[in-house]
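Number of protein chains: 2
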Amino acid sequence: KAANAQVLYDFTAEPGNNELTVKEGETITITNPNIGGGWIEAQNSRGEIGLVPEDYIEVKQKIAVGQDKHFTSYTGLQCTFCDACNQITHFTLMDSWTPSRCTVYSRTLIVPVSKNITLKVCMHSTTGADDDEWDDEWDDVKSTGGYAESETGEGGAMQRGGAHATSMKIALNKFPGFSKSGPELYLLCKQLAKGKDRLPIYMGEVGPVWFYPETQLDCVVADPKKGSKMYGLKSYIEYQITPNTTNRPVNHRYKHFDWLYERLLDKFGSAIPIPSLPDKQVTGRFEEEFIKMRMERLQGWMTRMCRHPVVSNSEVFQLFLSYKDEKDWKTGKRKAEKDETVGVMIFSTIEPEASDLDPVEVEQKCEQFSRFTKAMDDGVKEILTVGHEHWKRCTGPLPKEYQRIGKAFQNLSSVFTSSGYQGESTLTDALTAAGKTYEEIAQLVAEQPRKDLHFLMETNNEYKGLLGCFPDTIGVHKAAIDKVKEGDKLVATSKITPQEKVTMAKRLSTMSYALQAEMNHFHSNRIYDYNRVMQLYLEEQVKFYETIAEKLRQAHSQFTTM
Amino acid sequence: KAANAQVLYDFTAEPGNNELTVKEGETITITNPNIGGGWIEAQNSRGEIGLVPEDYIEVKQKIAVGQDKHFTSYTGLQCTFCDACNQITHFTLMDSWTPSRCTVYSRTLIVPVSKNITLKVCMHSTTGADDDEWDDEWDDVKSTGGYAESETGEGGAMQRGGAHATSMKIALNKFPGFSKSGPELYLLCKQLAKGKDRLPIYMGEVGPVWFYPETQLDCVVADPKKGSKMYGLKSYIEYQITPNTTNRPVNHRYKHFDWLYERLLDKFGSAIPIPSLPDKQVTGRFEEEFIKMRMERLQGWMTRMCRHPVVSNSEVFQLFLSYKDEKDWKTGKRKAEKDETVGVMIFSTIEPEASDLDPVEVEQKCEQFSRFTKAMDDGVKEILTVGHEHWKRCTGPLPKEYQRIGKAFQNLSSVFTSSGYQGESTLTDALTAAGKTYEEIAQLVAEQPRKDLHFLMETNNEYKGLLGCFPDTIGVHKAAIDKVKEGDKLVATSKITPQEKVTMAKRLSTMSYALQAEMNHFHSNRIYDYNRVMQLYLEEQVKFYETIAEKLRQAHSQFTTM
Chain Y
1 KAANAQVLYD
11 FTAEPGNNEL
21 TVKEGETITI
31 TNPNIGGGWI
41 EAQNSRGEIG
51 LVPEDYIEVK
61 QKIAVGQDKH
71 FTSYTGLQCT
81 FCDACNQITH
91 FTLMDSWTPS
101 RCTVYSRTLI
111 VPVSKNITLK
121 VCMHSTTGAD
131 DDEWDDEWDD
141 VKSTGGYAES
151 ETGEGGAMQR
161 GGAHATSMKI
171 ALNKFPGFSK
181 SGPELYLLCK
191 QLAKGKDRLP
201 IYMGEVGPVW
211 FYPETQLDCV
221 VADPKKGSKM
231 YGLKSYIEYQ
241 ITPNTTNRPV
251 NHRYKHFDWL
261 YERLLDKFGS
271 AIPIPSLPDK
281 QVTGRFEEEF
291 IKMRMERLQG
301 WMTRMCRHPV
311 VSNSEVFQLF
321 LSYKDEKDWK
331 TGKRKAEKDE
341 TVGVMIFSTI
351 EPEASDLDPV
361 EVEQKCEQFS
371 RFTKAMDDGV
381 KEILTVGHEH
391 WKRCTGPLPK
401 EYQRIGKAFQ
411 NLSSVFTSSG
421 YQGESTLTDA
431 LTAAGKTYEE
441 IAQLVAEQPR
451 KDLHFLMETN
461 NEYKGLLGCF
471 PDTIGVHKAA
481 IDKVKEGDKL
491 VATSKITPQE
501 KVTMAKRLST
511 MSYALQAEMN
521 HFHSNRIYDY
531 NRVMQLYLEE
541 QVKFYETIAE
551 KLRQAHSQFT
561 TM
Chain A
1 KAANAQVLYD
11 FTAEPGNNEL
21 TVKEGETITI
31 TNPNIGGGWI
41 EAQNSRGEIG
51 LVPEDYIEVK
61 QKIAVGQDKH
71 FTSYTGLQCT
81 FCDACNQITH
91 FTLMDSWTPS
101 RCTVYSRTLI
111 VPVSKNITLK
121 VCMHSTTGAD
131 DDEWDDEWDD
141 VKSTGGYAES
151 ETGEGGAMQR
161 GGAHATSMKI
171 ALNKFPGFSK
181 SGPELYLLCK
191 QLAKGKDRLP
201 IYMGEVGPVW
211 FYPETQLDCV
221 VADPKKGSKM
231 YGLKSYIEYQ
241 ITPNTTNRPV
251 NHRYKHFDWL
261 YERLLDKFGS
271 AIPIPSLPDK
281 QVTGRFEEEF
291 IKMRMERLQG
301 WMTRMCRHPV
311 VSNSEVFQLF
321 LSYKDEKDWK
331 TGKRKAEKDE
341 TVGVMIFSTI
351 EPEASDLDPV
361 EVEQKCEQFS
371 RFTKAMDDGV
381 KEILTVGHEH
391 WKRCTGPLPK
401 EYQRIGKAFQ
411 NLSSVFTSSG
421 YQGESTLTDA
431 LTAAGKTYEE
441 IAQLVAEQPR
451 KDLHFLMETN
461 NEYKGLLGCF
471 PDTIGVHKAA
481 IDKVKEGDKL
491 VATSKITPQE
501 KVTMAKRLST
511 MSYALQAEMN
521 HFHSNRIYDY
531 NRVMQLYLEE
541 QVKFYETIAE
551 KLRQAHSQFT
561 TM
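Chains as they are written, first to last, in full-length UniProt numbering: chain Y, 1 to 562; chain A, 1 to 562.
Now the structure itself:
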């Protein structure tokens with residue numbers, strides 16, 4: 001079931017890396033979608049085969065009509081199929097390009113409205129893994145004819161931070177902080193929130209810091225279980241989440257994680273970068289591998305949220321982790337959805353203990369954070385690029401070469417055994433053992449990336465996602481700075497009172513304390529995370545080289561020169 | 001000074017190895033002749049660059065006319081230039097293709113007679129390294145017009161054994177055992193040699209064996225010195241050879257080694273495989289490297305000859321190692337050149353102590369040796385092929401990748417340093433150290449092949465050369481077997497007497513004992529050599545992996561999670 005794909009961007013192969021040079025607009029055939037590390041193997045029209053970054057292509061396929069009772073046909077659409085499962089199992093209709101998501105591999109697809117072509121949508125999720133927003137939105141599509149969904153559904157997923165930056169095609173405008181009103185909604189509001197929602201900022205050793213609870217919240221995501229509905233036609237995965245506070249497990253589907261993400265983004269997104277949920281990046285050759293990978297990433301996401309003192313202490317997050325029963329969950333859900341302290345209004349709950357900052361200092365801080373996050377984004381992406389290359393080599397050409405070395409030694413040993421000369425069994429046994437050792441090394445080399453590089457890549461991927469959120473967070477901040485700079489003009493033209501100008505500067509100071517607290521939180525996490533992942537990486541690398549050295553030492557001991 | 005080259009054979013690039021696919025007859029441009037390991041880097045007409053085996057190409061270049069007083073022009077020739085030095089400094093004219101040798105890099109070139117093109121021959125050897133047969137044969141060419149040389153000079157070098165098999169173009173017919181007369185010269189000769197030339201064969205534990213002296217001859221080739229003649233226009237290298245018998249050094253130029261090789265081939269070639277001298281395979285980026293490499297290989301050749309009980313004990317070999325003065329050397333030289341016990345007549349000096357063998361058994365043994373040497377030739381070539389690949393990867397893409405990993409860590413460390421967050425110098429120092437460690441690993445990886453793979457390759461190259469001689473040695477033997485099989489017919493047609501038929505069978509038995517003794521010598525050397533080289537290889541490999549593990553362990557120790 002080789003799928004064709006269209007090349008979205010020019011890509012020039014680096015020599016010696018098994019890569020394939022492709023041009024924008026060129027059509028290629030996917031020969032192996034399961035390379036991993038962000039690569040697929042494809043063949044061009046000249047028959048050349050090589051690796052291409054999966055972000056650079058879009059899988060297209062002509063659509064066959066109604067061969068199966070599980071398919072429902074829709075006309076008026078041309079669609080791109082999931083490059084891994086070759087099916088579309090979910091889509092949202094829009095009057096322009098719209099992203100759709102494969103329910104098996106959770107990849108975001110592009111569904112352009114185009115000539116009269118019939119789109120078949122598989123209702124029978126073949127592997128059973130399920131994004132499970134599917135059912136809801138499927139129903140929506142059916143009831144509305146599909147053209148009323150442009151403001152809901154997948155659109156939100158597409159513009160979450162920078163994790164998808166390279167594949168983003170549409171700039172939607174749904175981000176809470178960028179509503180018509182902008183940061184002035186907060187800067188000029190009459191009344192600040194009071195009471196239990198209050199978020200204090202203290203002065204710590206490193207500067208402004210959030211309030212950190214004495215015991216840090218944590219949770220374990222485990223035990224994925226398959227459930228089904230619609231008489232077994234649709235199946236989904238339910239995860240068990242156990243927080244260290246109640247120690248009582250609650251169940252959630254991916255859909256609920258996504259709901260939580262949307263709430264956190266709405267509520268905190270202007271002040272705190274909320275990284276997107278793992279979705280389209282998740283791939284896996286088998287269903288179990290896919291589920292395991294997604295669970296690992298959901299765990300990573302939850303751990304990061306638990307570690308955040310503001311997020312973890314929020315009502316909606318606590319609800320998610322420790323609702324008592326279905327009724328409790330539904331009530332809490334409804335309440336969270338009605339929360340009005342969202343977008344820039346989150347700043348109205350923040351109370352710094354220190355004195356107000358000068359707008360000039362605020363701007364300097366902001367510039368510094370902006371420079372740093374941009375630079376770190378570049379650094380992280382460099383590591384990811386190099387890591388992908390290395391992964392490819394370690395799982396491709398390198399083990400093949402060690403295998404060939406091993407085979408060559410063993411073949412020579414066989415030849416020597418046939419010599420008819422007596423007393424050379426020590427040599428031939430030793431040569432065979434040396435050959436087998438190199439075959440074992442081949443396997444060690446191929447398996448190693450999953451043991452060390454994997455975690456280095458995961459951590460950097462997480463940071464890439466986090467860093468991709470900063471431009472938005474910093475954007476809100478910069479808009480506020482600009483507003484305050486306009487202060488005099490606004491007073492002169494009677495748009496605001498002199499008192500409001502003073503209030504704006506004070507509130508900008510509050511926003512700056514929030515940004516600084518968040519940066520300090522980011523830095524302390526970053527230092528911990530990179531220390532930890534480098535330790536893990538180097539520890540496994542040491543083991544790897546030591547294991548090889550030990551195997552070779554044993555092989556060496558079998559040779560004798562009389 | 002990029003040289004063009006013509007592709008001699010189709011070569012298909014293996015993906016991921018930096019190789020370039022080329023077609024027979026295609027013209028490519030050499031972009032780097034100094035890759036080593038039997039590869040050159042070239043560019044095709046489409047601008048693609050990659051590695052091509054140097055055996056697969058032939059360097060061609062248009063010849064400019066008379067720009068320099070050191071050049072002498074010859075017309076009527078088209079010539080191929082040395083791909084390393086871009087000059088021809090020696091050639092022999094023939095009425096068909098003739099090999100010529102570059103005096104700088106000792107590569108054999110092809111000089112076809114063709115349209116009226118002027119060949120310029122540089123009389124001024126630019127780097128000074130010198131094959132130094134040059135002067136003699138240069139004189140010959142001048143005096144005879146060049147067309148009388150077809151039976152002497154380089155022709156001999158071209159058909160030495162299998163080392164050059166892949167680049168052989170002409171089947172000359174100079175091998176002593178294949179003269180008009182063939183093995184019957186010995187099988188039917190009247191009188192066998194007697195006296196001090198006698199070569200006894202004893203029955204040892206492993207079967208027939210040569211007589212081994214109590215102390216094994218050995219010698220050290222060292223101290224290459226530049227000499228010059230023709231008022232400094234020609235220079236050459238003289239090596240000092242010190243045998244363990246006299247412990248008195250003698251000096252020889254490459255030319256003398258070649259003379260010795262020719263004598264040994266003439267005298268023993270029918271019974272004992274005499275490997276060719278290192279020549280065209282020798283390459284080096286710098287003159288010193290070239291001289292060192294040639295010396296290393298001359299040492300290897302001399303050691304192998306010293307280890308051979310028959311060769312090392314021969315008068316000509318002893319003369320080479322321990323002549324007393326110039327007069328002694330010249331007298332000995334003349335005597336050796338007049339030796340008539342050459343070609344198949346060497347068998348007339350061999351005296352086995354065991355009883356005669358049945359011709360059927362002789363044939364079985366011969367078949368077995370033939371199969372074994374063919375199989376080992378394949379095995380050795382496989383190791384060489386795999387070794388070349390591995391060499392290329394270890395000195396090319398792999399260290400580049402480790403370097404990039406190292407740079408990525410160091411870049412991230414720089415970014416972290418710019419965070420403005422206090423107290424992360426432990427992390428940034430550790431990250432920088434880890435980055436530097438990977439740069440060091442890059443260097444270790446790139447340097448490693450010279451420490452281990454080099455010797456594995458050299459030993460297998462030596463064996464490839466040796467094994468390439470066996471088809472000729474076994475060919476003489478098979479011709480003798482066929483002759484003896486014809487015995488009855490020859491008697492019936494009165495070509496030979498019944499007594500001569502008996503003598504032929506007896507002498508074939510002697511030849512078989514010689515072949516068996518030689519095989520047993522080969523086997524015992526082989527077992528020693530492969531044990532030794534594998535020990536060396538694995539020892540260095542263990543050191544390599546241990547060094548890396550230790551470096552990484554140190555890098556690891558710098559990270560801390562509080």
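From the three backbone atoms N, C-alpha and C, an ideal C-beta is built for every residue, glycine too.
Local conformation of residue i per DSSP, three classes
{"i": "A/Asn247", "result": "coil"}
{"i": "A/Gln422", "result": "coil"}
{"i": "A/Asp488", "result": "helix"}
{"i": "Y/Lys255", "result": "helix"}
{"i": "Y/Gln499", "result": "helix"}
{"i": "A/Asn18", "result": "coil"}
{"i": "Y/Val342", "result": "coil"}
{"i": "A/Ile30", "result": "strand"}
{"i": "A/Phe372", "result": "helix"}
{"i": "Y/Asp356", "result": "coil"}
{"i": "A/Asp223", "result": "strand"}
{"i": "A/Thr242", "result": "strand"}
{"i": "A/Asn531", "result": "helix"}
{"i": "A/Asn411", "result": "helix"}
Nearest residue (CA-CA) to residue i, options the options
{"i": "Y/Lys392", "options": "A/Val386, A/Glu401, A/Thr395 and A/Leu384", "result": "A/Glu401"}
{"i": "Y/Glu205", "options": "Y/Arg532, Y/Gln535, Y/Ser524 and Y/Gln216", "result": "Y/Ser524"}
{"i": "Y/Gly343", "options": "Y/Ala375, Y/Ile272 and Y/Ser312", "result": "Y/Ile272"}
{"i": "A/Leu265", "options": "A/Leu490, A/Val533, A/Thr473 and A/Tyr186", "result": "A/Thr473"}
{"i": "Y/Glu54", "options": "Y/Asn34, Y/Glu48 and Y/Ala433", "result": "Y/Asn34"}
{"i": "Y/Leu187", "options": "Y/Leu508, Y/Arg553 and Y/Phe559", "result": "Y/Leu508"}
{"i": "A/Met376", "options": "Y/Leu357, Y/Pro359 and Y/Asn411", "result": "Y/Asn411"}
{"i": "residue 574 of chain A", "options": "Y/Asp482, Y/Leu466 and Y/Glu424", "result": "A query on residue 574 of chain A cannot be resolved here, the shown segment of chain A reaching from 1 to 562 and no further."}
Nearest-angstrom beta carbon gap, residue j and residue i [assumed within contact, 8 Å]
{"i": "A/Met203", "j": "A/Ala354", "result": "5 Å"}
{"i": "residue 565 of chain A", "j": "A/Val221", "result": "This structure cannot speak to residue 565 of chain A, because chain A is shown only from 1 to 562."}
{"i": "A/Pro399", "j": "A/Ala442", "result": "4 Å"}
{"i": "Y/Ile350", "j": "Y/Leu199", "result": "5 Å"}
{"i": "A/Leu217", "j": "A/Pro243", "result": "7 Å"}
Cβ-based neighbour list, residue i, same chain, cut-off 7 Å, excluding 5 preceding and 5 following
{"i": "A/Leu298", "result": "Val221, Tyr239, Phe257 and Pro278"}
{"i": "Y/Val476", "result": "Gly177, Pro183, Ser270 and Val344"}
{"i": "A/Glu367", "result": "none"}
Same chain only: Cβ atoms within 8 Å of residue i, ignoring 5 sequence neighbours per side
{"i": "A/Asn17", "result": "Leu51, Glu389, Lys392 and Arg393"}
{"i": "A/Val22", "result": "Val7, Asp10, Phe11, Ile28, Ala42, Asn44, Val52, Tyr56 and Ile57"}
{"i": "Y/Gln521", "result": "What sits at residue 521 of chain Y in the sequence shown is His, not Gln. So the list reads Val209, Trp210, His308 and Pro309, once near-sequence residues are dropped."}
Nonlocal neighbours in the same chain, by C-beta distance under 6 Å from residue i, ignoring five residues either side
{"i": "Y/Lys225", "result": "Glu238"}
{"i": "Y/Thr497", "result": "none"}
{"i": "Y/Leu536", "result": "Phe455"}
{"i": "Y/Ile201", "result": "Pro208, Pro352, Tyr513 and Ala517"}
Meets three-Cβ-pair contact criterion under 8 Å: the segment 506-519 of chain A and the segment 207-225 of chain A: yes
Contact between the segment 410-428 of chain Y and the segment 533-543 of chain Y (3+ Cβ pairs under 8 Å): no
Given 8 Å, three or more beta-carbon pairs between the segment 371-387 of chain Y and the segment 455-474 of chain Y: yes
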